[in-house]
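In the working numbering, the protein residues as written are 3 to 384.
Reviewing the structure listed below.
Shown next, in the form of structure tokens:
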């Protein structure tokens, strides 16, 4: 049987920092960096994957139960995605695959979500599963939450699976609403700055954000902050003395950023780019002051992200926008850089964070897909 080609993009988070796990809104875009997979079914229950960057692995799907020795490994994601498909009545099986990726690991561009979405499309394509982009995103989140052991929301997988620039509303995660956003950002370069600090050993920091936000929601008898109105929250702050002040600050960030996403989408669609940029900067300041995910509280001497934001503010005030990108604590920032400042911004950031720290990106319209054979032959990613 001829091998088949699958592709899934990375993503950038443009608005709504840590709002998805509280069933809020986000603004996100798929990007022109991708994970690709050449795959062919092998008639067994064994998934054999060769990865040019990280070596090879084999995962036996005869058992789809959680294996704790696989926690925080790629094998756990393979098993987790397969388990979601099987639990929902879809056929899974073994295949031989060669995977490669242009998404730098640890860059905050969701290499893991792209891998999960890629796997979902492989199971769909090779074994005929009738699943939607949302189903594939949910399967990826399931694998990451239950099998890998990271309590992420659904944004990364949804942005990769759907593609394009979208406002995503997670009010009902099983019926997530994805609204494509029309935007002309041609005057700006979309830049992700890799600061050189990585996400290792930060799972507890990430987990504390949804945990603390949920303590505020639980104060109102709710599970998620989306179920609590902003007015109700602010009227009740004086009675939250048993809650940590950081949890309350993180809830303040949620309510503001959740509404800010809607304002950002509206500004983009009416062509008010300056308003949009102002809102990006508001979101960044909120993440720094209230969400507090710009550096790790357990290692406050490492503040690469804070430094990158400070330098971006000096270079881009009145001209562009800057904010922490993704989960935070380490990794990357996102900047909107006017085209005529692109070289200067790149030069000055590279002087601090090293050559090639700036990744200038484009929005990719396609989400996770099987690449048609004619596109493979003629024009896919030439």
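Glycine residues also receive a C-beta, built at the ideal position from the N, C-alpha and C atoms.
In this text, all values refer to a predicted model and were calculated from it rather than measured experimentally.
Can you tell me the Cα-Cα spacing of residue 195 and residue 120, whole angstroms?
The residue given as residue 195 occupies position 193 in the chain shown. The residue given as residue 120 occupies position 118 in the chain shown. Looking at the two C-alpha atoms, the distance is approximately 25 Å.
Helix, strand or coil at residue 259 according to DSSP, with G and I counted as helix:
Locating residue 259 in the chain shown gives position 257, counting from the first residue. Of the three classes helix, strand and coil, the one that applies to residue 259 here is helix, per DSSP.
What are the uninterrupted segments assigned as alpha helix (DSSP H) that are 4 or more residues long and contained completely in the segment 119-188, given in chain order?
135-144, 157-164
Specify the secondary structure class of residue 75 as computed by DSSP and reduced to three states.
Within the chain shown, numbered from 1, the residue matching residue 75 stands at position 73. Coil.
Counting only runs of 3+ residues fully inside the segment 287-338, write out the beta strand (DSSP E) ranges in chain order.
Qualifying beta strand (DSSP E) stretches, in chain order: 323-326.
Please go through the segment 205-237 and give each complete alpha helix (DSSP H) segment of 4 or more residues, from N-terminal end onward.
205-221
How would you call residue 91, buried or exposed, if buried means at least 16 neighbouring beta carbons within 10 angstroms?
Walking along the chain shown from the start, residue 91 turns up at place 89. Exposed: under 16 other Cβ atoms inside 10 Å.
With DSSP run on the structure shown, which of helix, strand or coil describes residue 107?
Locating residue 107 in the chain shown gives position 105, where the first residue counts as 1. In this structure, residue 107 counts as coil in the three-state DSSP scheme.
Can we say the segment 178-197 touches the segment 207-218, given the rule of at least three CB pairs closer than 8 Å?
no
Can you tell me which of 255, 362, 374, 41 puts its alpha carbon nearest to the alpha carbon of residue 286?
Along the chain shown, read from residue 1 onward, the residue named residue 286 stands at position 284. The residue with the shortest Cα to Cα distance from residue 286 is 255.
Indicate the three-state DSSP secondary structure (helix, strand or coil) for residue 279 in the structure shown.
For the purposes of this step, residue 279 is taken as the residue at position 277 of the chain shown. Residue 279: helix per DSSP, three-state reduction.
Quick check on residue 184: buried or exposed, where buried means 16 or more other Cβ atoms within 10 Å of its Cβ?
Within the chain shown, residue 184 is the residue found at index 182, counting from 1. Residue 184 is exposed by the Cβ-count criterion.
Beta strand (DSSP E) segment containing residue 5, residue limits
Locating residue 5 in the chain shown gives position 3, counting from the first residue. Unbroken run through residue 5: none, as it is neither H nor E.
Taking the alpha-carbon of residue 101 as reference, which of 346, 338, 87, 118 has the nearest alpha-carbon?
By 1-based counting over the chain shown, the position of residue 101 is 99. Answer by Cα proximity: 118.
Contact the segment 146-165 vs the segment 309-323: 3+ CB pairs below 8 Å:
No, the segment 146-165 is not in contact with the segment 309-323.
N-terminal and C-terminal residue of the alpha helix (DSSP H) that residue 62 is part of:
Residue 62 sits at position 60 when you count from the first residue of the chain shown. Where residue 62 is concerned, there is no enclosing alpha helix (DSSP H), although the beta strand (DSSP E) it sits in stretches over 57-62.
CA nearest to the CA of residue 238, picked from 136, 122, 221, 227:
Mapped onto the chain shown, residue 238 falls at position 236. Nearest option by C-alpha distance: 221.
Please state whether DSSP places residue 347 in a helix, a strand or coil.
If you number the chain shown from 1, residue 347 lands on position 345. Helix, per DSSP.
Is residue 12 helix, strand or coil when you go by DSSP?
Mapped onto the chain shown, residue 12 falls at position 10. Of the three classes helix, strand and coil, the one that applies to residue 12 here is strand, per DSSP.
From residue 161 to residue 54, what does the alpha carbon distance come to, in whole angstroms?
Position 159 of the chain shown, counted from the first residue, corresponds to residue 161. Position 52 of the chain shown, counted from the first residue, corresponds to residue 54. About 25 Å.
Determine the direct distance from the alpha carbon of residue 48 to that of residue 4, and round the result to whole angstroms.
Looking up residue 4 in the chain shown gives position 2. Looking up residue 48 in the chain shown gives position 46. Spanning the two alpha carbons is a distance of roughly 18 Å.
Smallest Cα separation from residue 27: which of 228, 136, 240?
One-based indexing of the chain shown puts residue 27 at position 25. For residue 27, the nearest C-alpha among the options comes from 228.
Taking 6 Å as the limit between beta carbons, can you name the residues of its chain near residue 282, skipping five residues before and five after?
Residue numbering aside, residue 282 sits at position 280 when the chain shown is read from its first letter. Excluding residues within five positions, the ones whose Cβ falls inside 6 Å are 323, 325.
Euclidean distance between Cα positions of residue 328 and residue 298:
Translated into the one-based positions of the chain shown, residue 328 becomes position 326. Translated into the one-based positions of the chain shown, residue 298 becomes position 296. Whole-angstrom Cα-Cα distance: 14 Å.
Whose C-alpha, out of 82, 155, 350, is nearest the C-alpha of residue 122?
Residue mapping note: residue 122 aligns to position 120 of the chain shown, counting from 1. The shortest Cα separation from residue 122 among 82, 155, 350 belongs to 82.
Excluding the 5 residues flanking residue 85 on each side, which residues of the same chain have their C-beta closer than 6 Å to its C-beta?
Numbered from its first residue, the chain shown carries residue 85 at position 83. The residues are 66.
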